[in-house]
Amino acid sequence: MRKMRTQSAPWRAAAVLASVLLVGGVAACGNSDTGGGGTKDDGKITMGFSQVGAESGWRTANTISIKEAATAAGIELKFDDAQQKQENQIKAIRNYIQQKVDVIAFSPVVESGWDTVLKEAKDAKIPVILTDRSVDSADKTLYKTFLGSDFVKEGRLAGEWLVEQKKTASGPVNIVELQGTTGAAPANDRKKGFAEAIAANPNLKVIASQTGDFTRAGGKQVMEQFLKANPKIDVLFAHNDDMGLGAIEAITAAGKVPGKDITIITVDAVKDGMQALADGKFNFIAECSPLLGPQLMDLAKKVKAGEEVPARIETEETTFTQAQAKEALPNRKY
């Protein structure tokens, strides 16, 4: 030790500088409170958001709403597109946990299989908000709230309209159903609500039901199969506009008139769907609003501040007939 103290002043200065740099490097790369989202320094909220994908016009509008609302609210948004894969969403959520974001929000691809990663977020003390779609976790403490539509209600509204339209039918009414992504909350719930409603009229029968994955291409492909396998189809219930729009192509190619030869009911009310309704190619739409961004950012601020929020927040929505679609279209935001 005595020898080290007799080293030259330049050597000592270099050693001190090296020590400072080493400590600084460890702090920059380690688990310091200022790491990840950087919210500890400037007070800005950082949100990690995992989106289902870009499978439809609805989803695109939803993404735009979230990004614009984050900018308007002064929230730093880390955005990930899961491309319809649950494993991608789980990976994204784990990345957000590692980055120490303030809030995690996501729209689950499917309902099941989230408990493990949600518990990891809870253990890291990062609140989670579910948007658009929920999960079937028995432990409701794994997330703070669910912001979205009542999908069962949407299916029920579609079915109730059909029951009213076909109340004078004396014979069987053959219905085909284009389901959303298998295992997804909107697919499960819209199917359930629709089935519950049409049970009021025993003449209404679903003769074929298959997933079109919420895509226009999927809707066209499955409708082509339906038309080949079933010579008499009276009604199509599509779980979203995009599948219904794809089905229109298949119906037209088969020499039938969409909206007349086959009654078409859909869910969403995006611009393309509303235009099809105004043109008489669709007959009825139950709305599912994608404009969740402002509500989501408001919730993020509240949960970050430790405020209590309702466990379930439902978006306000309506239904549309042809006349109502014509009236709404000029001012439609999505």
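In the numbering used here, the protein residues as written are 236 to 569.
Don't be surprised by glycine CBs; every beta carbon is placed ideally from N, CA and C.
Other residues of its chain near V457: CB distance less than 7 Å, five sequence neighbours each side excluded: L413, Q445 and G447
Per DSSP, the bridge partner or partners of D337: For D337, which the question treats as bridged, DSSP gives no partner whatsoever.
Classification of E549 by the beta-carbon crowding that lies within 10 angstroms, buried from 16 upward: exposed
Distance, L397 Cα to P493 Cα: 16 Å
Beta-ladder partner(s) of A327, from DSSP: Per DSSP, none; premise fails for A327.
Beta-carbon proximity list for K561, same chain, < 8 Å, skipping 5 on both sides: A513
When K357, K360 and N423 are compared against H474, the one with the closest alpha-carbon: N423
Within-8 Å CB hit, V363 to chain E: The chain labelled as chain E is not found in the depicted structure, where only one protein chain is given.
Whether T376 touches I364 by CB criterion (8 Å): no
Runs of beta strand (DSSP E) lying entirely within the stretch 406-493, each at least 3 residues, in chain order: 408-414, 439-446 and 470-473
Q333 burial status per 10 Å Cβ neighbour count (16 or more: buried): exposed
Beta-ladder partner(s) of R547, from DSSP: F381
Length of the line joining the Cα atoms of T274 and A443: Confidence at T274 is low in this model, with a pLDDT of 39, below 50, so its placement is unreliable and the value that follows should be read with caution. Approximately 52 Å, taken between the alpha carbons.
Contact set for A521: own chain, Cβ-Cβ below 6 Å, skip 5 residues either direction: E389, L392, A393, V502 and T554
Nearest-angstrom Cβ-Cβ length linking Q324 and S384, presumed shorter than 8 Å: About 20 Å separates the two Cβ atoms, so there is no contact after all.
When A434, Q319 and A420 are compared against I410, the one with the closest alpha-carbon: A434
For E522, the residue or residues it bridges with in DSSP: D503
A419 versus E311, G278 and F449, residue with shortest Cα-Cα distance: F449
Per-residue DSSP class, three states only, for T351: helix
Which listed residue (T295, R425 and Q400) has its alpha carbon closest to that of T556: Q400
Sequence-distant residues of the same chain with beta carbon closer than 8 Å to N266, five excluded per side: Note that N266 scores a pLDDT of 27, beneath 50, so its modelled location is shaky; the value from the coordinates is reported in the next line. Closer than 8 Å at Cβ, skipping near neighbours: no residue.
Cα-Cα separation, I361 to E552: 30 Å
Helix, strand or coil at G283 according to DSSP, with G and I counted as helix: strand
Backbone secondary structure at F517 - three-state DSSP: coil
Backbone secondary structure at T498 - three-state DSSP: strand
8 Å Cβ shell around G271 - same chain, five flanking residues per side excluded: Here the model assigns G271 a pLDDT of 37, short of 50, so the residue's position is not dependable, and the following value carries that caveat. Excluding sequence neighbours, G271 sits near T281, Q333, Q334, K335 and V336.
Status (buried if at least 16 other CB within 10 Å, exposed otherwise) for P343: buried
One or two residues paired with L531 in a DSSP bridge: L531 pairs with nothing; no bridge assigned.
Terminal residues of the beta strand (DSSP E) in which L365 lies: V363 to T366
Of the listed residues P466, G508, N438 and R294, nearest to A616 (C-alpha basis): Outside the modelled stretch of the chain, which goes from 236 to 569, sits residue 616, for which no answer is possible.
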